[in-house]
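**Q**
Protein chains: 2
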Amino acid sequence: MLQVWALEGIPEIAPGADLIDVIARSAGTSLRDGDILAVTSKIVSKAEGRIIAADDREEAITAETVRVVATRTSPTGHTTRIVENRLGIVSAAAGVDASNTAEGTVLLLPLDPDASARALCTGLRERLGVTVGVLITDTLGRAWRDGQTDTAIGAAGVHVFEDLRGRTDAEGRPLVVTLPCVADELAAAADLVKGKTSRRPVAVVRGRADLVGDLDLPGARSIVRDGENDMFRLGADEAYAAGFAAGAAAVDAAD
Amino acid sequence: MLQVWALEGIPEIAPGADLIDVIARSAGTSLRDGDILAVTSKIVSKAEGRIIAADDREEAITAETVRVVATRTSPTGHTTRIVENRLGIVSAAAGVDASNTAEGTVLLLPLDPDASARALCTGLRERLGVTVGVLITDTLGRAWRDGQTDTAIGAAGVHVFEDLRGRTDAEGRPLVVTLPCVADELAAAADLVKGKTSRRPVAVVRGRADLVGDLDLPGARSIVRDGENDMFRLGADEAYAAGFAAGAAAVDAAD
Chain P
12 MLQVWALEGI PEIAPGADLI DVIARSAGTS LRDGDILAVT SKIVSKAEGR
62 IIAADDREEA ITAETVRVVA TRTSPTGHTT RIVENRLGIV SAAAGVDASN
112 TAEGTVLLLP LDPDASARAL CTGLRERLGV TVGVLITDTL GRAWRDGQTD
162 TAIGAAGVHV FEDLRGRTDA EGRPLVVTLP CVADELAAAA DLVKGKTSRR
212 PVAVVRGRAD LVGDLDLPGA RSIVRDGEND MFRLGADEAY AAGFAAGAAA
262 VDAAD
Chain L
12 MLQVWALEGI PEIAPGADLI DVIARSAGTS LRDGDILAVT SKIVSKAEGR
62 IIAADDREEA ITAETVRVVA TRTSPTGHTT RIVENRLGIV SAAAGVDASN
112 TAEGTVLLLP LDPDASARAL CTGLRERLGV TVGVLITDTL GRAWRDGQTD
162 TAIGAAGVHV FEDLRGRTDA EGRPLVVTLP CVADELAAAA DLVKGKTSRR
212 PVAVVRGRAD LVGDLDLPGA RSIVRDGEND MFRLGADEAY AAGFAAGAAA
262 VDAAD
């Protein structure tokens with residue numbers, strides 16, 4: 012049995028807030044060994060002071076962008092930029108977010124979500140005396156499917172993949188699906204109790220203590236496929252345009 | 012509080028099996044109004060007799076394929092085909108699956124997972140007298156992120172999206188993230204209790220009764236973005252190659 016619930020009583024987070032203290036107070040004595048905390052990246056960003064003026068939003072997206080993957084302008088003139096940010100994450104607007112922020116401001120993603128997760132996990136284990144895991148979550152769109160799901164962009168003390176490579180199915184045959192991304196599945200489960208319209212930015216998942224482990228387990232950075240190895244490292248229109256230019260240049264050169 | 016657990020005692024499913032009866036017997040009197048069942052597509056395929064000889068696997072992938080999205084051959088010579096299948100779903104190998112199947116056989120996806128979900132949902136509501144929702148789930152890889160997560164490929168009696176368009180955040184500002192795909196998040200949560208190595212193909216999610224509704228709600232087909240509207244409708248290499256050929260031809264024509 013898996014149980015998932017949101018912590019109550021998390022206050023609005025201001026820059027410099029001590030999230031370990033905030034979460035520990037909210038959790039009280041409710042946590043046990045093997046519980047996994049899914050913390051919305053937004054409150055980590057706020058605590059880290061990753062807040063900028065909304066007027067600088069487009070500039071901030073550019074600054075956070077390592078590589079433009081695809082862009083599309085809608086009939087109404089709104090341009091969506093799908094980019095790879097400095098964390099390697101491919102998303103719309105480089106994670107620059109205007110929801111649930113103070114008027115006139117937008118939030119950037121935490122500087123290093125794996126490091127933030129590790130600091131939270133270390134602090135909460137010490138403070139509460141229980142061996143918990145910590146995920147930092149963000150809401151991402153995806154290719155091929157509409158809508159968004161919550162995913163893990165930071166992780167500490169929890170296995171991000173359940174490694175089934177070499178394991179066998181009920182008939183003793185090798186499993187073909189080899190690498191369930193349990194961190195993303197945990198983040199998704201947590202989103203079902205957090206909601207997006209209320210202040211419940213931290214959820215607890217209980218029932219997969221087998222996934223909780225040492226603080227030096229690989230972080231969520233290990234989930235990110237690097238561009239070179241990704242068959243979808245570039246949007247179809249962008250790749251076509253690059254190919255078109257190269258094809259034309261090759262013929263020109265041959266002439 | 013969300014609770015997620017797997018039903019116990021589901022037997023091996025043979026072609027022609029009555030899944031309504033199988034699930035109803037396994038669930039007994041444990042289900043309540045608002046519970047959501049996440050049923051692994053594999054057992055639906057088996058009940059529907061969607062089983063073919065393993066020797067025909069490559070041929071079956073071709074037959075299930077509407078459109079090749081991308082292919083890549085590994086250094087060991089294994090070719091991965093990312094394709095759009097007749098359900099519009101983009102995945103490796105068109106969902107043709109060799110795990111947890113009888114020796115020498117592979118499984119195709121259910122013919123119409125939304126119809127399968129509707130039949131199951133209708134039957135279970137009648138038989139058990141409780142208003143449940145039903146998802147049919149499959150394990151899918153994704154662009155940009157390693158590993159796989161479970162997703163909803165069929166749905167009945169449950170909202171696949173939580174429509175927050177027009178809703179506001181805690182500060183009264185419009186929410187930017189507009190369309191959480193709760194069906195995929197429910198499927199992901201269910202996978203955390205089903206596992207891949209044991210026979211627990213059906214999970215129950217309790218605690219989001221607000222997502223359960225009429226039998227004529229849109230199915231999981233509505234999650235699938237159609238190729239034309241997808242910025243990643245073609246792999247980067249494939250789009251580049253198409254562009255290259257077109258660019259070369261354009262210059263040739265102009266000469």
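Sequence order for the protein chains is P and L.
The numbering of the first sequence is the numbering used here, which starts it at 12 and goes up by one.
The numbering of the second sequence is the numbering used here, which starts it at 12 and goes up by one.
For every residue, glycine included, the Cβ atom is placed at its ideal position computed from N, Cα and C.
#1: Is there a Cβ of chain L sitting closer than 9 angstroms to that of Leu-120/P, yes or no?
#2: Provide the residue span of the alpha helix (DSSP H) that contains Arg-92/P, from first to last.
#3: Answer with buried or exposed for Asn-240/P, where buried requires no fewer than 16 other C-beta atoms within 10 angstroms of its C-beta.
#4: Where does Ile-54/P sit, in a helix, a strand or coil, going by DSSP?
#5: Three Cβ pairs or more, each shorter than 8 angstroms: is that satisfied between the region 139 to 148 of chain P and the region 169 to 182 of chain L?
#6: Which residues, taken in chain order from the region 110 to 143 of chain L, show a beta carbon closer than 9 angstroms to some beta carbon of chain P?
#7: Give a yes or no on whether the minimum CB-CB distance between Ala-25/P and chain L is below 9 angstroms.
#8: What does Val-193/L touch in chain P if you count any residue whose Cβ is under 7 angstroms from its own?
#9: Going along chain L, which residues have a C-beta under 8 angstroms from Thr-73/P?
#10: Which residues in the same chain as Ala-220/P place their Cβ atom closer than 6 angstroms to its Cβ, once the five residues preceding and following it in sequence are excluded?
#11: Given that a residue counts as buried once 16 or more other Cβ atoms are within 10 Å of its Cβ, and exposed if not, what is Met-12/L?
#12: Can you round the beta-carbon distance between Val-169/L and Ala-194/L to whole angstroms, since I take them to be within the 8 angstroms contact cut?
#13: Helix, strand or coil for Leu-197/P per DSSP?
#14: Once the 5 residues before and after Ala-58/P are set aside, which same chain residues still bring their CB inside 6 angstroms of it?
#15: Determine, for Leu-175/P, whether the minimum Cβ-Cβ distance to residues of chain L falls below 9 angstroms.
#16: Using a Cβ-Cβ distance cut-off of 9 angstroms, determine whether Lys-207/P contacts chain L.
#17: Kindly indicate the opening and closing residues of the alpha helix (DSSP H) around Asp-263/P.
#18: So with CB distances below 7 angstroms, who are the chain L contacts of Gly-165/P?
#19: Looking at chain P, is there any beta carbon in it that lies within less than 9 angstroms of the beta carbon of Ile-21/L?
#20: Note down the Cα distance separating Val-117/P from Ala-103/P, rounded to an integer number of angstroms.
#21: Helix, strand or coil, according to DSSP, for Asp-67/L in the structure here?
#22: Measuring only the C-alpha atoms, how far is Ala-74/P from Arg-68/P?
#23: CB Arg-92/L to CB Val-79/L, shorter than 9 angstroms?
#24: Could you tell me whether the Cβ of Gly-254/P comes closer than 9 angstroms to any Cβ of chain L?
#25: Considering only their Cβ atoms, is the gap separating Ala-126/L from Ile-62/L smaller than 9 angstroms?
#26: When the Cα atoms are used, what is the spatial distance from Ala-200/L to Ala-38/P?
#27: Have a look at Pro-124/P, Arg-36/P and Thr-76/P and flag the residue whose alpha-carbon is nearest the alpha-carbon of Thr-51/P.
#28: Going by Cα to Cα distance, which pick from Ala-261/P, Lys-53/P, Leu-48/P and Ile-234/P is closest to Thr-160/L?
#29: Could you check what DSSP says for Ile-11/P in three-state terms: helix, strand or coil?
#30: Comparing the C-beta of Arg-97/P with each C-beta of chain L, is any distance below 9 angstroms?
#31: Applying a beta-carbon distance threshold of less than 9 angstroms, which residues of chain L neighbour Ala-38/P?
#32: Can you say whether Thr-162/L is buried or exposed, counting buried as having 16 or more other CB atoms within 10 angstroms of its CB?
#33: In terms of alpha-carbon separation, which member of Ser-56/L, Val-77/L, Gly-140/L and Ile-164/L lies closest to Asn-111/L?
#34: Using a Cβ cut-off of 9 angstroms (strictly closer), state whether Arg-244/L contacts chain P.
#35: What are the start and end residues of the alpha helix (DSSP H) that includes Ile-147/L?
**A** Working from what's here:
#1: no
#2: From DSSP, Arg-92/P is part of no alpha helix (DSSP H) but of the beta strand (DSSP E) over 90 to 96.
#3: exposed
#4: Ile-54/P falls in the helix class under three-state DSSP.
#5: no
#6: Ser-110, Asn-111, Thr-112, Ala-113 and Glu-114
#7: no
#8: Leu-203
#9: Within 8 angstroms Cβ-Cβ: nothing; Thr-73/P doesn't reach chain L, min ~18 angstroms.
#10: Gly-45
#11: exposed
#12: 7 angstroms
#13: helix
#14: Ile-24, Ala-28 and Leu-30
#15: At least one chain L Cβ lies under 9 angstroms of Leu-175/P.
#16: yes
#17: 247 to 265 is the extent of the alpha helix (DSSP H) around Asp-263/P.
#18: Near Gly-165/P there are no residues of chain L at all, since even the closest Cβ is about 14 angstroms away, more than 7 angstroms.
#19: no
#20: Note on geometry: alpha-carbon atoms of Val-117/P and Ala-103/P lie some 14 angstroms from one another.
#21: helix
#22: 10 angstroms
#23: yes
#24: yes
#25: no
#26: 22 angstroms
#27: Pro-124/P
#28: Checking every option, the nearest Cα to that of Thr-160/L belongs to Ile-234/P.
#29: Past the edges of chain P, shown from 12 to 266, lies residue 11/P, and the structure says nothing about it.
#30: no
#31: Within 9 angstroms Cβ-Cβ: nothing; Ala-38/P doesn't reach chain L, min ~15 angstroms.
#32: buried
#33: Ser-56/L
#34: yes
#35: It is not in any alpha helix (DSSP H) - Ile-147/L instead sits in the beta strand (DSSP E) that spans 144 to 152.
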